[in-house]
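Numbering (our numbering), first residue to last: 88 to 278.
Glycine residues also receive a C-beta, built at the ideal position from the N, C-alpha and C atoms.
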């Protein structure tokens with residue numbers, strides 16, 4: 088056998104063997120891909136539809152709209168203005184995130200953050216902050232929770248007994264006044 092014939096024979100065997108390996112690989116890959124694409128996709132979709140239909144795996148909450156939060160904040164600020172008090176007002180959602188914060192003309196720099204913390208505290212415990220101050224006697228470490236402020240001036244907003252927002256006011260000479268203005272914001276939502 089000549090060298091060129093042996094070379095062609097080896098070359099033919101390598102090319103033929105490579106083609107067979109590629110064909111087998113493609114067939115196996117196609118089979119695995121086809122089975123991976125069809126079977127598992129059908130089961131999760133059916134399970135998801137059943138879970139969604141039952142409603143057992145989901146919960147719904149209510150939240151104030153920005154328009155309602157703005158209305159409440161402005162009502163609280165107006166109530167303070169009628170009594171010539173310079174305050175800040177904050178409205179937070181059910182999760183304690185600020186929706187609207189208004190710093191009234193002449194309000195002290197500490198009032199902005201204090202209003203947010205009072206609103207957060209009111210919605211977190213679903214109670215006016217003046218009531219929560221009384222709880223500190225039996226649980227003094229409550230005041231150590233970050234973002235809370237246990238001073239009068241926060242009022243929760245509830246719908247069907249569940250908290251949906253909190254309104255906090257800070258800057259008046261007393262917490263009683265702050266809370267009076269916060270409650271004016273709550274009242275404005277239900278007029």
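Between residue 273 and residue 149, the CB-CB gap reaches or exceeds 7 Å.
Separation of residue 158 and residue 268 (C-alpha to C-alpha, rounded to the nearest whole angstrom) is 13 Å. The shortest C-alpha to C-alpha distance from residue 236 to any of 164, 202 and 275 is the one to 202. Straight-line spacing of the CA atoms in residue 253 and residue 184 works out to 10 Å. Pairing residue 223 with residue 192, the inter-Cα distance amounts to about 33 Å.
Here the stretch 169–178 lies against the stretch 253–263, with 3 or more beta-carbon pairs under 8 Å apart.
In this structure, residue 160 keeps its C-beta atom at 7 Å or more from the C-beta atom of residue 179. The alpha carbon of residue 247 has as its nearest neighbour, out of 166, 164, 165 and 277, the alpha carbon of 277. Around the beta carbon of residue 233, fewer than 16 other beta carbons sit within 10 angstroms, so the residue counts as exposed. Contact between residue 271 and residue 166 holds: their C-beta atoms lie close to 4 Å from each other, under 8 Å. Taking every protein chain shown into account, the CB of residue 215 has 16 or more other CB atoms within 10 angstroms, so this residue is buried. By alpha-carbon distance to residue 194, the top candidate from 168, 204 and 209 is 168.
Shown here, residue 229 sits in a helix according to DSSP, grouped into three states. Under the DSSP assignment, residue 186 falls in the beta strand (DSSP E) whose first and last residues are 185–190.
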